[in-house]
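Protein chains in written order, with numbering that gives the first Met the number 0: chain A, 0 to 334; chain B, 0 to 252. Don't be surprised by glycine CBs; every beta carbon is placed ideally from N, CA and C. The structure displayed is predicted, hence computed values, not measured ones.
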Amino acid sequence: MPVTRSSSDYAVRTTALRKAFRANKQQIEALKGVDLEVTRGQIFGFLGPNGAGKTTALRILTTLLPADAGEAFVAGADVRRRPQDVRRRIGYVGQIGGADLSATGRENLSLQGRLYGMTSAETARRVNELAESLDLKAFSDRIVRTYSGGQRRRLEVALGIMHRPEVLFLDEPTTGLDPQNRNNLWDQLRLLRETGTTICLTTHYLEEADQLSDRLAIIDHGRIIAEGTPHELKQRFAASTIRLVPKPGAVSLEQLGREFAHETFVSGLQVKDGSVQLRVTDTTEALAAIFGRLRNLGIELRTVSLTEPSLDDVFLQETGRSLRDSGEPVAKEAA
Amino acid sequence: MMFLLQIALFFRRKMLETLRQPVWVFMGISVPLLYMALFAPLLKPLAGGPGFPSGRVLDTFLPGILALMAFGAGMGAGWIVIWELQSGVIERLRVTPASRFALLLGGVMRDVVMFIVPALVVIVVAIPFGFHPHWTGIFVLLGLLALLTASVSATSSALGITLKEIGSLAAVVTGLQLPLTLLSGVLLPLSLGPDWLRVLAHLNPMYYAVEAARDLAAGTTASIVVSEGFLVMCAAVVAALWWGTGSYRKAMT
Numbered sequence: 000m001p002v003t004r005s006s007s008d009y010a011v012r013t014t015a016l017r018k019a020f021r022a023n024k025q026q027i028e029a030l031k032g033v034d035l036e037v038t039r040g041q042i043f044g045f046l047g048p049n050g051a052g053k054t055t056a057l058r059i060l061t062t063l064l065p066a067d068a069g070e071a072f073v074a075g076a077d078v079r080r081r082p083q084d085v086r087r088r089i090g091y092v093g094q095i096g097g098a099d100l101s102a103t104g105r106e107n108l109s110l111q112g113r114l115y116g117m118t119s120a121e122t123a124r125r126v127n128e129l130a131e132s133l134d135l136k137a138f139s140d141r142i143v144r145t146y147s148g149g150q151r152r153r154l155e156v157a158l159g160i161m162h163r164p165e166v167l168f169l170d171e172p173t174t175g176l177d178p179q180n181r182n183n184l185w186d187q188l189r190l191l192r193e194t195g196t197t198i199c200l201t202t203h204y205l206e207e208a209d210q211l212s213d214r215l216a217i218i219d220h221g222r223i224i225a226e227g228t229p230h231e232l233k234q235r236f237a238a239s240t241i242r243l244v245p246k247p248g249a250v251s252l253e254q255l256g257r258e259f260a261h262e263t264f265v266s267g268l269q270v271k272d273g274s275v276q277l278r279v280t281d282t283t284e285a286l287a288a289i290f291g292r293l294r295n296l297g298i299e300l301r302t303v304s305l306t307e308p309s310l311d312d313v314f315l316q317e318t319g320r321s322l323r324d325s326g327e328p329v330a331k332e333a334a
Numbered sequence: 000m001m002f003l004l005q006i007a008l009f010f011r012r013k014m015l016e017t018l019r020q021p022v023w024v025f026m027g028i029s030v031p032l033l034y035m036a037l038f039a040p041l042l043k044p045l046a047g048g049p050g051f052p053s054g055r056v057l058d059t060f061l062p063g064i065l066a067l068m069a070f071g072a073g074m075g076a077g078w079i080v081i082w083e084l085q086s087g088v089i090e091r092l093r094v095t096p097a098s099r100f101a102l103l104l105g106g107v108m109r110d111v112v113m114f115i116v117p118a119l120v121v122i123v124v125a126i127p128f129g130f131h132p133h134w135t136g137i138f139v140l141l142g143l144l145a146l147l148t149a150s151v152s153a154t155s156s157a158l159g160i161t162l163k164e165i166g167s168l169a170a171v172v173t174g175l176q177l178p179l180t181l182l183s184g185v186l187l188p189l190s191l192g193p194d195w196l197r198v199l200a201h202l203n204p205m206y207y208a209v210e211a212a213r214d215l216a217a218g219t220t221a222s223i224v225v226s227e228g229f230l231v232m233c234a235a236v237v238a239a240l241w242w243g244t245g246s247y248r249k250a251m252t
């Protein structure tokens, strides 16, 4: 990593960020020293179970909540010392929405534009542009209360990017959306990245973190436990499983297993369900070696299958729990 | 410039919100009229008695009703704030560079308008029933009571943000409303009450507004009571706006 990068090269940079809350006479440490670097122009995901500290981190970065200790720079400005500079450069789409329900979509967007200092002509132009690109045209003059969930989410995203922010923060943006609307939103966010916007989003959906993020940080109990591209994380922390089923009568499973037991690329071996299951970290290397060996031994296989690691494996390996079951009842974040 | 523009933008947003709910506008005007229609007859026998020296019941009673309207117009602000906290509107606006003071003032100004317009209707309606308007006094009076609405509105917003819950807010606001209004002599002049009640009343900021309002309605614009009323209301507005702005700065769901 280059040594001389300054904070302004990053969309987000934090050091030793801490935050604690008191709830029910208990001290809850929401963030226990978070160090983070998000380079510009990417989609960065915060993955973690409910109560992990994702929302707290996002609220500190968006100037909504002061940190107890540590530093945070967003779009080159210090969140604590220059919150107004941060606010001008970022957009935010909250978890609970944020559109004014008793106004029309157009009124919502116009107000947002004017608050960021855009002229009324500029605002009107931008509203039409967003209505076009986010497909809001058909209902932009209706009162927001009458919108469907997907329509409202699109308006809220439009509100977040009305002033063309450098960094857009989204808190659980696809929660409650049906698959079609979710995929639309993913496409919108990818398009937005093409225009140079940095996007930071929190999610507790493995698939979302995996498919959408260029890089991601896995958060648990207020700490970042892993950080990297989805591919790197899966490579680094979790192994793929290669399942070998020999042709009937060709070789016994035990014999087949013994052939690979001492290979350096094998990190674990099990014989079960009529197959030999090898845990490997480098799939490409392992497959080549396995096929080479089998050809030399003249062993024929009936099937070979490969299970890629998932981010849940990464989470499991780091925390001993599955992310899917980690919806633990923690005091409502930042409550 | 930017600051004034933001106030105008937030005011416009709030006015649109109100005008889209005709029920609010209708209730704002009909409730005080009902008060006059149903309560004033009860006062008839008191005319000429203690506390009503002029003998004109409505002249004493109307300033009280106007003060009650001023209080009521600001009271609801906290409900709307809680609702906006829950729908995320305030969180979204707090991420923009918009001034928190302007955000608060938009709602406060709406409440002031929603006091003044029905108040004018009530004044005009009261004339044929025997109210004697002194117009200069009336306009100064509306200015004074607008300050009352503003301080109640900002206080209610601050309470809403602090309590975050409709139930608690309702308990606190209605709990305050009764002593504040009764101890200001809105319905009956406090000169009818015992000494201890009058001492207690002097601790109530609203008392000074109501006393001044009676003087103003009678056409006295330059009296100690009137200047006291303005002094106390100005202090109340400054304190309430200060608190309200501070709450918006830290507002969290």
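Original post:
When you compare only the Cα positions, how much space is there between A:Asn107 and A:Arg141?
Top reply: CA-CA distance, A:Asn107 to A:Arg141, rounds to 11 Å.
Subject >> Contacting positions in the region 103 to 126 of chain A - beta carbon closer than 8 Å to chain B >> reply: If the cut-off is 8 Å between Cβ atoms, the region 103 to 126 of chain A has Glu106, Leu110, Gln111, Arg113, Leu114, Tyr115, Gly116 near chain B.
**OP:** Return the CA-CA distance between B:Gly71 and B:Leu147, expressed in angstroms with no decimal places.
**Re:** Each residue's alpha carbon lies about 10 Å from the other.
Subject >> Closer than 9 Å to chain B by CB, A:Ala334 >> reply: Since pLDDT at A:Ala334 reaches only 34, below the 50 mark, its modelled position is unreliable, and no value is offered.
**OP:** Evaluate contact between the region 76 to 85 of chain A and the region 120 to 127 of chain A, counting only Cβ atoms and requiring at least three cross-stretch pairs below 8 Å.
**Re:** With the cut-off at 8 Å, the region 76 to 85 of chain A and the region 120 to 127 of chain A do not touch.
Original post:
Which bits of chain A does B:Met1 rub up against, with CB to CB less than 9 Å?
Top reply: The answer, in chain order, is Gly116.
**OP:** Give the C-beta separation of B:Gly77 and B:Ser155 to the nearest angstrom, bearing in mind that I take them to be a contact with Cβ-Cβ under 8 Å.
**Re:** Between B:Gly77 and B:Ser155, the beta carbon gap of about 4 Å places them in contact (Cβ cut-off 8 Å).
Original post:
Going along the chain, which residues of its own chain have a beta-carbon closer than 8 Å to the beta-carbon of B:Ala212, five neighbours each way excluded?
Top reply: Taken in chain order, the residues that qualify are Pro62, Gly63, Leu65, Ala66, Leu140, Leu143, Leu144, Gly228.
Original post:
Applying the criterion that 16 or more other CB atoms from any shown protein chain within 10 Å of the CB defines a buried residue, is A:His230 buried or exposed?
Top reply: With fewer than 16 other Cβ atoms within 10 Å, it is exposed.
Original post:
Could one say the Cβ of A:Val329 lies closer than 9 Å to chain B's Cβ atoms, at least one of them?
Top reply: Because the pLDDT at A:Val329 is just 40, under 50, the model does not fix this residue reliably, and the value given afterwards should be weighed accordingly. At least 9 Å separates the CB of A:Val329 from every CB of chain B.
Original post:
Apart from the five residues on each side of it in sequence, which residues of its chain come closer than 8 Å, Cβ to Cβ, to B:Leu158?
Top reply: The answer, listed in chain order, is Gly77, Leu168, Val171, Val172.
Original post:
Of the residues that make up the region 62 to 79 of chain B, which ones have a beta carbon closer than 7 Å to any beta carbon in chain A?
Top reply: Answer set for the region 62 to 79 of chain B: empty.
Subject >> Interface flag, A:Tyr335 vs chain B, CB-CB below 9 Å >> reply: Given a span of 0 to 334 for chain A in the structure shown, any question on residue 335 of chain A remains unanswerable.
**OP:** Check the Cβ of A:Asp77 against every Cβ in chain B and list those closer than 7 Å, keeping chain order.
**Re:** What A:Asp77 touches in chain B: nothing, since even the nearest Cβ is about 15 Å away.
Original post:
Which residues of chain A have a Cβ atom closer than 9 Å to the Cβ of B:Gly87, listed in chain order?
Top reply: Simply Gly93, Gln94, Ile95, Gly96, Gly97, Ala98, Glu155.
Subject >> Residues near B:Val121 by beta carbon distance below 8 Å, same chain, minus five either side >> reply: Ile28, Pro31, Leu32, Met35, Leu61, Ile64, Leu65, Met68.
**OP:** Would you grab the beta carbon distance between B:Ala250 and B:Arg55 for me? Rounded to a whole angstrom, and I think it's under 8 Å.
**Re:** Going by Cβ atoms, the distance from B:Ala250 to B:Arg55 rounds to 47 Å, so no, they are not a contact pair.
Subject >> A:Gln26 - containing beta strand (DSSP E), residue span >> reply: For A:Gln26, the uninterrupted beta strand (DSSP E) run begins and ends at 25 to 38, by DSSP.
Original post:
What does A:Gln26 touch in chain B if you count any residue whose Cβ is under 8 Å from its own?
Top reply: At a beta-carbon threshold of 8 Å, none of the residues of chain B lie near A:Gln26; the nearest stands roughly 18 Å away.
Original post:
Can the beta-carbon of B:Tyr207 be found less than 9 Å from the beta-carbon of B:Leu182?
Top reply: For B:Tyr207 and B:Leu182, no; Cβs fall outside 9 Å.
Subject >> Identity of the residue in A:Leu30, A:Leu46, A:Ala98 nearest A:Pro65 by Cα >> reply: Comparing Cα positions, the closest option is A:Leu30.
Original post:
Taking buried to mean at least 16 other C-beta atoms within 10 Å of its own C-beta, is B:Asn203 buried or exposed?
Top reply: Per the 10 Å Cβ criterion, buried.
Original post:
Roughly how many angstroms lie between the CA atoms of B:Asp254 and B:Gln20, to the nearest whole one?
Top reply: This structure cannot settle anything about residue 254 of chain B, because the visible part of chain B is limited to 0 through 252.
Original post:
Shorter than 9 Å from the beta carbon of A:Ala15 to some beta carbon of chain B?
Top reply: No, A:Ala15 lies away from the interface with chain B (no Cβ there is under 9 Å from its Cβ).
Original post:
Whose C-beta lies closer than 7 Å to the C-beta of A:Pro328 among residues of the same chain, with five residues either side of it excluded?
Top reply: Interpretation of A:Pro328 is limited by its pLDDT of 41, a score under 50 that renders its predicted location unreliable; no figure is taken from the coordinates.
**OP:** Report all residues from its chain with a CB closer than 6 Å to the CB of B:Ile165; omit the five preceding and five following residues, and keep chain order.
**Re:** Only Ile81 meet the Cβ criterion.
**OP:** Under 8 Å by Cβ, that's how I've got A:Gly90 and A:Leu200 pegged, so tell me the actual separation to the nearest angstrom.
**Re:** Under the criterion of beta carbons closer than 8 Å, A:Gly90 and A:Leu200 do not qualify as touching, at roughly 12 Å.
Original post:
So what does DSSP say about A:Ala334, is it helix, strand or coil?
Top reply: Note that A:Ala334 scores 34 on pLDDT, short of 50, meaning its location in the model is unreliable; the coordinates nonetheless yield the value given after this. In this structure, DSSP gives A:Ala334 a state outside helix and strand, which the three-state scheme calls coil.
**OP:** Please work out which residues of its chain come closer than 6 Å, Cβ to Cβ, to B:Leu240, disregarding the five sequence neighbours upstream and downstream, and give them in chain order.
**Re:** Result list for B:Leu240: Ala153, in chain order.
Subject >> A:Tyr204 - DSSP class collapsed to helix/strand/coil >> reply: In the three-state reduction of the DSSP assignment, A:Tyr204 falls in the coil class.
**OP:** Would you kindly report the start and end of the unbroken beta strand (DSSP E) that includes A:Leu383?
**Re:** Outside the shown range of chain A (0 to 334) lies residue 383 of chain A, about which nothing can therefore be said.
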